[in-house]
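What follows is a set of notes on a single structure, which appears directly below.
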Amino acid sequence: MAYDKILIVDDSVTSRMIIKRCFHIAGYEKSEYSEAEDGLAALNFLKEHPVDLIVSDLNMPRMDGATFVRRLKMKEGTSGIPVIIISSMGNDALREELKETGVFSVLRKPLSPDKILDALGEGEGEGDEF
Amino acid sequence: MHWEKGKERAMSFNEQSISEAFNKAVIKTFADMAFIDVISEHHHEGNISYSGIMGLEFSHPGRGYILFYMTKDCKKHLVENIYGEEWINLSDMEIDDCLLEILNVLAGEFLKNLYGEREKVAMSFPRLYFDEETVPVDPGQLKFVYNGEGALFFARLSLDE
Chain A
1 MAYDKILIVD DSVTSRMIIK RCFHIAGYEK SEYSEAEDGL AALNFLKEHP VDLIVSDLNM
61 PRMDGATFVR RLKMKEGTSG IPVIIISSMG NDALREELKE TGVFSVLRKP LSPDKILDAL
121 GEGEGEGDEF
Chain B
1001 MHWEKGKERA MSFNEQSISE AFNKAVIKTF ADMAFIDVIS EHHHEGNISY SGIMGLEFSH
1061 PGRGYILFYM TKDCKKHLVE NIYGEEWINL SDMEIDDCLL EILNVLAGEF LKNLYGEREK
1121 VAMSFPRLYF DEETVPVDPG QLKFVYNGEG ALFFARLSLD E
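Below, the structure is given as structure tokens:
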């Protein structure tokens, strides 16, 4: 599947840079990337800008990743966008909880290109890596 | 690793299992994020001239904090490797953010190593300490010294179950 427009949501500018770099290495160097520093900024961005994939951190100020996904899935225009959650606080319970809200995949930081490919079903591993 | 033994605690984890989980987290995080090989060092932290303290508190499954004390050489090595840019070309905001993100990932890795992958984790946002008087001090904290490819740094860990 083509992910031409990817929105990266993370309060860390370093983490956003690493995520983008990993996507480039994974073969998504031609995609168009946008960035938001938390869930609230991402929701505002999405009002005007459609995207094909969202990659979001979990622990963010103002609006965390879980709240962001719940809000996203409640809106008709954004409910179908696949979401990958990336977090340093991953665990099995959280992964199941997020999956129930419609999250596509949950990955543990630090991110790697292989983890992205696995999450998108293009790698050799399983979709989730915790 | 240099380890100044702290007060005895009534914990189900012993100091060895805690330090193993912490060492593993430090080594993996530095290798995965910055491609830096880290080894434990038999060195006293008092001989290391650090140029900044960063810390993070966690409240679940255990309660405690992690503090990192780094020399400028160590910070420079880390940040340049992660960004692929020379230190001089990076803003203070990028440098601080980079160091805090390392701590964030490292803390998650440590708690996973210690408590396993089934436990929910609650952590604060990582922060820089500009005033040493505000740095938490637990007399029973564990102390670790590391060598990251020639750059020394040390860490302190407090954990109450």
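Line by line, the protein sequences give chains A and B.
Letter by letter, the first sequence follows residues 1 to 130 in my numbering.
Letter by letter, the second sequence follows residues 1001 to 1161 in my numbering.
Here a beta-carbon is modelled for each residue, glycine too, at the ideal position from N, C-alpha and C.
Taking only three categories from DSSP, how would you classify residue i?
i                  : result
Arg162 of chain A  : With chain A covering only 1 through 130, there is no way to say anything about residue 162 of chain A.
Leu1157 of chain B : strand
Met60 of chain A   : coil
Ala1107 of chain B : helix
Val1121 of chain B : coil
His1077 of chain B : helix
Ala41 of chain A   : helix
Val9 of chain A    : strand
Tyr28 of chain A   : coil
Gly1006 of chain B : The pLDDT assigned to Gly1006 of chain B is 42, lower than 50, so where the model puts this residue is not dependable, and the model offers no usable value.
Ile1048 of chain B : coil
Ile2 of chain A    : Inspection of the sequence shows that residue 2 of chain A is occupied by Ala rather than by Ile. Coil, per DSSP.
Asp1090 of chain B : Here residue 1090 of chain B turns out to be Leu, not Asp, going by the sequence shown. Three-state DSSP puts Leu1090 of chain B in coil, outside helix and strand.
Met1001 of chain B : Confidence is the limiting factor: at Met1001 of chain B the pLDDT is only 41, short of 50, which leaves the residue's position unreliable and the question unanswerable from this model.
Glu76 of chain A   : coil
Between which two residues does the beta strand (DSSP E) carrying residue i extend?
i                  : result
Asn1147 of chain B : 1142 to 1148
Glu1057 of chain B : 1053 to 1060
Leu1067 of chain B : 1063 to 1070
Leu1128 of chain B : 1127 to 1129
Ile116 of chain A  : Ile116 of chain A -> not in any beta strand (DSSP E); alpha helix (DSSP H) instead, spanning 113 to 119.
Val1038 of chain B : 1038 to 1040
Terminal residues of the continuous alpha helix (DSSP H) containing residue i?
i                  : result
Met1033 of chain B : 1015 to 1034
Ser15 of chain A   : 13 to 25
Ile86 of chain A   : Segment 83 to 87 is the beta strand (DSSP E) holding Ile86 of chain A; no alpha helix (DSSP H) there.
Lys109 of chain A  : Unbroken run through Lys109 of chain A: none, as it is neither H nor E.
Relative to the alpha-carbon of residue i, which residue among the options has its alpha-carbon at the smallest distance?
i                  : options                                    : result
Asp52 of chain A   : A:Thr67, A:Glu32, A:Met60, A:Met63         : A:Glu32
Asp1131 of chain B : B:Ser1051, B:Glu1015, B:Ser1019            : B:Ser1051
Ala57 of chain A   : A:Tyr3, A:Arg16, A:Pro113                  : The question names Ala, but residue 57 of chain A in the sequence shown is Asp. Considering only alpha carbons, the answer is A:Arg16.
Phe1154 of chain B : B:Val1079, B:Met1054, B:Asn1014, B:Phe1013 : B:Met1054
Cys22 of chain A   : A:Asp11, A:Ile6, A:Val69                   : A:Ile6
Ser949 of chain B  : B:Lys1024, B:Met1070, B:Leu1128, B:Glu1085 : Chain B is shown only over 1001 to 1161; residue 949 of chain B falls outside these bounds and no answer can be derived.
Phe1030 of chain B : B:Glu1080, B:Asn1047, B:Asn1089            : B:Glu1080
Tyr1083 of chain B : B:Ile1102, B:Leu1067, B:Phe1068, B:Met1123 : B:Ile1102
Met89 of chain A   : B:Trp1087, B:Asp1073, B:Leu1114, B:Cys1074 : B:Leu1114
Glu100 of chain A  : A:Arg70, A:Ala36, A:Ala41                  : A:Arg70
Val1121 of chain B : B:Gly1062, B:Met1033, B:Lys1075, B:Ala1025 : B:Gly1062
Ile94 of chain A   : B:Asp1160, B:Lys1112, B:Asp1096, B:Ile1088 : Residue identity check: residue 94 of chain A is Leu in the sequence provided, not Ile. Checked all of B:Asp1160, B:Lys1112, B:Asp1096, B:Ile1088; the closest Cα to Leu94 of chain A is B:Lys1112.
Glu122 of chain A  : A:Gly27, A:Asp11, A:Lys20                  : A:Gly27
Gly80 of chain A   : A:Leu46, A:His24, A:Val106, A:Leu117       : A:Leu46
Looking at C-beta atoms only, is the number of pairs between the region 1125 to 1141 of chain B and the region 1027 to 1045 of chain B that lie closer than 8 Å three or more? no
Proximal residues, the region 81 to 99 of chain A versus chain B, C-beta separation under 8 Å: Ser87, Ser88, Met89, Gly90, Asn91, Asp92, Ala93, Leu94
Closer than 9 Å between beta carbons: that is the criterion. Which residues of the region 1107 to 1118 of chain B meet it against chain A? Ala1107, Gly1108, Glu1109, Leu1111, Lys1112, Tyr1115, Gly1116, Glu1117, Arg1118
Mind listing which residues of the region 1091 to 1102 of chain B have their C-beta closer than 8 Å to chain A's C-betas, in chain order? Met1093, Glu1094, Asp1097, Cys1098, Leu1100, Glu1101
Residues from the region 14 to 29 of chain A in contact with chain B, defined by Cβ distance under 9 Å: Thr14, Ser15, Met17, Ile18, Arg21
For the region 1031 to 1050 of chain B, which residues have a beta carbon sitting closer than 9 Å to at least one beta carbon of chain A? Asp1032, Met1033
For the region 99 to 125 of chain A, which residues have a CB atom closer than 8 Å to at least one CB atom of chain B, in sequence order? Arg108, Lys109, Pro110, Ser112
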